[in-house]
Every structure is written in structure tokens, then in C-alpha cells.
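Okay, so the sequence shown: first residue is 26 according to the numbering used here, each after it adds one.
Remarks on the structure that follows.
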Amino acid sequence: SLARGLARQVFDGSATDYEKSVLAPQDNAIKLLHELELMRLPLCFKQLIGSANAIRYCQPEDKSVISLLPCREGHELTAISDQVMRAGRHYVTFRLSAIGTDFPNVDFGVIRPIKDWD
26 SLARGLARQV
36 FDGSATDYEK
46 SVLAPQDNAI
56 KLLHELELMR
66 LPLCFKQLIG
76 SANAIRYCQP
86 EDKSVISLLP
96 CREGHELTAI
106 SDQVMRAGRH
116 YVTFRLSAIG
126 TDFPNVDFGV
136 IRPIKDWD
């Protein structure tokens, strides 16, 4: 179709060699272009779980940066993204900074999507 042909042209003209190498091959060029666009979006944490005194967005309009605020008692906190990892290599960089000399104890993890999690 015309739409698939155009999607293939846009993908071929804009995707870098690296992006092409990490995206899973698709029969549908429209789906492939959509996957490319999703991959280029910044990782956003759509849901924060924990005490509002301990975790928050640095700026309400930017959900890609969160702050863990110092507190006397420990807190279990979670930031959840709905980004789905498919085929290819995946990496992420976290920048940790602290006020003063106390760095929080931070663990990072990745889990499979949980069905019907909202």
C-alpha cells in the first residue's frame, strides 16, 4: 500500500545503522516506523509508588527525572515505566547525585510486564 511504502521510505531515510540493528525485523513498515519512534522517546516514569515525602518528579511536566528525597527512616520506593523492551540490546544510564555526603542505597531492576497492572 501507499502508506506502507511511505513508512518504509521514512524509516530507511531516518533510522541510523544502530537503530536498524537493534529493532526487530518487521513485515509491516508502519509498525517498524512506530517502533522507531517509540525507541527515540525519552524513558518516562508514568507511576511513582511510595511516600510523597520521599519520591517525586523534579518538574511535574517532565516525567523522565525523579528525586529521592532524604528522610530519616528508610522507604521502599518504585518508579514504573510502561516502555516495553523487545528484541535487540537495551541499556540505560542513571545519574545519581546527593546533597551532602549521604548517598541513598539504590537498587535497580527490570521485570517483565505484569498483566492488567495499572
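By construction, the Cβ of each residue, glycine as well, lies at the ideal position given by its N, Cα and C atoms.
Owing to the predicted nature of the structure, the values given are computational and were not obtained by experimental measurement.
*Are there 16 or more other CB atoms within 10 angstroms of the CB of I80, so buried, or fewer, so exposed?*
As a position in the sequence shown, residue 80 is number 55, starting the count at 1. Burial check for I80: the Cβ neighbour count within 10 Å reaches 16 or more, so the residue is buried.
_Candidates F36, I55, I91, of which the one nearest I74 by Cα_ = Here residue 74 is taken as the residue at index 49 of the sequence shown, counted from 1. Of the candidates F36, I55, I91, the one whose C-alpha sits nearest the C-alpha of I74 is I91.
_By DSSP's criteria, D87 is part of a beta bridge. Which residues make up the other side?_
Position 62 of the sequence shown holds residue 87. Bridge partners of D87: Q84.
*Starting from I55, follow the alpha helix (DSSP H) in both directions and report where the run begins and ends.*
Position 30 of the sequence shown holds residue 55. Following the DSSP letters along the chain, one finds I55 inside the alpha helix (DSSP H) bounded by residues 54-65.
_Buried versus exposed call for E101 [16 or more other C-beta atoms within 10 Å across all chains shown]_ = In the sequence shown, residue 101 corresponds to position 76, counting from 1. By the neighbour-count definition (other C-beta atoms within 10 Å, threshold 16), E101 is an exposed residue.
_For A104, the residue or residues it bridges with in DSSP_ = As a first step, residue 104 is located in the sequence shown; it is residue number 79 there, counting from the start. BP columns for A104 point to L73.
*What three-state label does DSSP hand L94 in the structure shown?*
Here residue 94 corresponds to residue number 69 of the sequence shown, with the count starting at 1. Residue state, collapsed to three classes: coil.
*C-alpha distance - E44 paired with Q34, whole-angstrom precision*: For the purposes of this step, residue 44 is taken as the residue at position 19 of the sequence shown. For the purposes of this step, residue 34 is taken as the residue at position 9 of the sequence shown. Going from the Cα of E44 to the Cα of Q34 covers about 15 Å.
*Please check the pair S106 and K71, which I expect to be a contact at CB under 8 Å, by giving their CB distance rounded to whole angstroms.*
Working through the sequence shown from its first residue, we reach residue 106 at position 81. Working through the sequence shown from its first residue, we reach residue 71 at position 46. Contact flag correct, Cβ pair sits at about 6 Å.
*Any idea if A49 is buried or exposed, counting beta-carbon neighbours within 10 angstroms, 16 or more meaning buried?*
Here residue 49 refers to the residue found at position 24 when the sequence shown is read from its first residue. Classification for A49: exposed.
_For F36, the three-state DSSP class (helix, strand or coil)_ = Residue numbering aside, residue 36 sits at position 11 when the sequence shown is read from its first letter. Collapsing the DSSP output to three states places F36 in a helix.
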